[in-house]
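Peer 1: Going by my numbering, the sequence shown opens with residue 1440, and the numbers climb by one from there.
No residue lacks a Cβ here, since even glycine has one placed at the ideal position from N, Cα and C.
I have a structure I would like to understand better, so I am pasting it below and will then ask my questions one at a time.
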Amino acid sequence: MKRLWILCVVCMLIANFAFAETHIDPVGDRGIIPQAAEAHVSEEGISPTTGLTLSEINIPEGATGLAATGRYMPMMVQISNPVSPKTKAAGTSNRAPWGVQYADLIYELPLHKNGETRLSAIFSDVIPTEAGPIRSARMGHVWLREEWDCGFMYYGQSTYKEGNVPAAFASLGTEGKGVLFSGIVSSIHPWKQYYSRGYKRKAEPEDVNGNVAEISKLIPETHIATNHTFLFTDEIYSGGDEANVIMVDWHRPSYNSMFEFDAETGAYKRSVADDKRNNTKYYPWIEFNTQEPLLLSNVIVQWTPTEFIRVDIPVTCNVEAMGHPGEGNADIFMCGRHISGYWKREGMNTRTVFYDENGQEISLQRGKTMIIQLPLDRECYYE
């Protein structure tokens, strides 16, 4: 009887170990030496940002983008991520975003020291007629726009000291390119007509809609966006270690997110926690109009040094700045697997390259990608 009891205990320990959470060290030396990465040119008819066949992409009425016109000119849109009063979970239920089902990439950056975040959607293959709720920009978003050299839609901005968005754009020479489209301007600006308030009775200030397609047409034809072609593969990744569930902890319960791998679709589905610290419930992250979940082929946690000039003014150092190098650890998740990797961005006008454990540029799965620029004092674990 005693032997049976011991055997049961051992089995339980083995089972618990098998499904134990793996906590990621954001700053540990992984011994990765990034190899030189060349600028890539996508194959004819293949998207440089999703790897999808452009002719097979459905283009809704009124939309534009690479799949519609053949012009590569991405648009970056600041998307609010507020807590829903119904679910107590950020960006869910009546606070869910709209239009983001057309985004090629979605970035999540810190907004407040208390764990609040903001999303930035990169539209390229398809640029829709509606997207929102559109909100303000911070310094990390400025530097992210410079990486893509894309059109930029935002509704408000930080003007505080080292986090001064207008001053940063002026010093970078961005103002004269015809790519900045602030929604808080007078009606004499031609793009103002494509912003509107009161979207489907949404409460202020989460009610700003933008016609991204029409605003994108205002970018001068002479402006050529920086090449931002990723590598893609048709091979199902089988290396690394298993990662069917990813947990991202912003140290703010209502912003903590979970990504669950769905083998049937080969993608991760994101959900967001409510504000309870015990008996936490997760709510699916869906598009407001379609009520459909966003399927993510790749999820990347880009560990990024972050300075808070004020509690609500973060500077996300996704390029060399404020004494921080433009590189660090990155954890790449795809196909239900985890890669302990690295990221590097050599300059303000160059793309971020993600590397595998051998220092080679990673080949992503075709489809949408979410990149979370997570401060070094936050947490991520998987199982």
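At what residue ranges does the stretch 1491-1539 contain a whole run of the beta strand (DSSP E), taking only runs of 3 or more?
Peer 2: The qualifying runs are 1514-1518.
Peer 1: So which of S1736, H1551, G1649, G1579 has the shortest CA-CA distance to M1592?
Peer 2: Here the closest residue by C-alpha is G1649.
Peer 1: Based on Cα-Cα distance, which residue from L1803, N1797, C1819 lies nearest to Q1474?
Peer 2: When only C-alpha atoms are compared, the closest one is N1797.
Peer 1: At the level of alpha carbons, what is the spacing between A1607 and T1789?
Peer 2: For A1607 and T1789, the distance between alpha carbons rounds to 17 Å.
Peer 1: Quick one: Cα of C1450 to Cα of A1459, how far?
Peer 2: Unreliable placement is indicated for C1450, whose pLDDT of 40 sits below 50; no coordinate value is reported for it.
Peer 1: Flag this pair as touching only if the stretch 1743-1758 and the stretch 1559-1574 have three or more C-beta atom pairs under 8 Å; answer yes or no.
Peer 2: Result no; under three Cβ-Cβ pairs closer than 8 Å.
Peer 1: For P1732, I'd like the list of residues in its chain whose CB is within less than 6 Å of its CB, leaving aside the five on either flank, ordered along the chain.
Peer 2: Here the set comprises K1708, P1723, I1725.
Peer 1: Quick check on DSSP: helix, strand or coil for L1583?
Peer 2: Of the three classes helix, strand and coil, the one that applies to L1583 here is helix, per DSSP.
Peer 1: Can you tell me the Cα-Cα spacing of I1685 and F1698, whole angstroms?
Peer 2: Roughly 5 Å between the two C-alpha positions.
Peer 1: Considering only the beta carbon of each residue, do Q1540 and T1729 sit closer than 8 Å?
Peer 2: Cβ atoms of Q1540 and T1729: closer than 8 Å.
Peer 1: Name the one or two DSSP bridge partners that A1560 has.
Peer 2: Note: A1560 sits in a beta bridge opposite V1516, I1545.
Peer 1: Let's test the definition: count the other Cβ atoms within 10 Å of the Cβ of R1640 and tell me whether it reaches 16, buried, or not, exposed.
Peer 2: Exposed.
Peer 1: Around the C-beta of L1815, are 16 or more other C-beta atoms found within 10 angstroms, so that it is buried, or is it exposed?
Peer 2: Answer is exposed; the Cβ neighbour count stays below 16.
Peer 1: Here's the rule I'm using: 16 or more other beta-carbon atoms within 10 Å means buried, otherwise exposed. How should S1560 be labelled?
Peer 2: It should be pointed out that residue 1560 corresponds to Ala in this sequence rather than to Ser. The residue in question, A1560, is buried, as its Cβ has 16 or more Cβ neighbours within 10 Å.
Peer 1: Would N1695 be called buried (16 or more neighbouring beta carbons within 10 Å of its own) or exposed?
Peer 2: Classification for N1695: buried.
Peer 1: Across which residues does DSSP place E1477 in a beta bridge pair?
Peer 2: BP columns for E1477 are empty, so no partner.
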